[in-house]
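Here's the structure we're looking at; comments come further down.
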Amino acid sequence: MDLITLSFFSNKLTRLIEMAKGKTEKRTKSAINEVVTRECTIHLNKRLHKVGFKKRSPRAVKIIRKFAEKEMGTKDVRIDTRLNKAIWSRGIRNPPFRIRVRLARRRNDDEDSPNKLYTLVTYVPVESFKELQTENVESED
Numbered sequence: 001m002d003l004i005t006l007s008f009f010s011n012k013l014t015r016l017i018e019m020a021k022g023k024t025e026k027r028t029k030s031a032i033n034e035v036v037t038r039e040c041t042i043h044l045n046k047r048l049h050k051v052g053f054k055k056r057s058p059r060a061v062k063i064i065r066k067f068a069e070k071e072m073g074t075k076d077v078r079i080d081t082r083l084n085k086a087i088w089s090r091g092i093r094n095p096p097f098r099i100r101v102r103l104a105r106r107r108n109d110d111e112d113s114p115n116k117l118y119t120l121v122t123y124v125p126v127e128s129f130k131e132l133q134t135e136n137v138e139s140e141d
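Take 1 as the starting number for the sequence shown in UniProt numbering and just add one per residue.
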């Protein structure tokens, strides 16, 4: 190795060491512990592509559960009966292509539960899915 590459590597190394030392940022409280309500559209059709007919509606329920878990950061996800009826309204083979849901992260009243928060997923009927975005909603309770 010549002198130029050696000095380049030593510069890089000293910069990395300085960056590691300077990492004394104050950590802020995570936003996952806050109670919040969001309205989202889930595109079920792209997630159900190549799934057998007799598994489509059951898989749609699992997809919604997984989406809510990822979006809200809680392991405990509860699906409302009206949402379940909306998924199964066209039978086991033909769940809706898209579905609009309201995800509400709430405090768990059950004291012996390991999870402090849970997510309640409810159905939001809409005429059209055009121009709909994910939006934060003021919770009713």
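For each residue, glycine too, the CB sits at the ideal point set by N, CA and C.
Keep in mind that this is a model prediction, so the values were computed, not measured.
Same chain, Cβ closer than 6 Å to residue i, neighbours up to 5 away in sequence not counted
i: V77; result: R65, A68, E69 and T119
i: V126; result: R100
Strand pairing of residue i, partner residues [DSSP]
i: A104; result: T37 and L120
Cβ neighbours of residue i in the same chain (closer than 8 Å, five flanking residues each side left out)
i: L83; result: I64, I99, V101, V121, T122 and Y123
i: N45; result: F97 and R98
Terminal residues of the alpha helix (DSSP H) in which residue i lies
i: R47; result: L44 to R47
i: A31; result: Taken as a continuous stretch (DSSP letters only), A31 belongs to no alpha helix (DSSP H), as it is neither H nor E.
i: F53; result: Careful: F53 lies outside any alpha helix (DSSP H) and carries neither H nor E.
Extent of the continuous beta strand (DSSP E) run through residue i
i: R78; result: V77 to I79
i: V137; result: E135 to V137
Under the three-state DSSP convention, the category residue i falls into
i: R98; result: strand
i: N115; result: coil
i: V126; result: coil
i: I92; result: coil
Whole-Å CB distance - residue i paired with residue j, under 8 Å assumed
i: V35; j: R106; result: 6 Å
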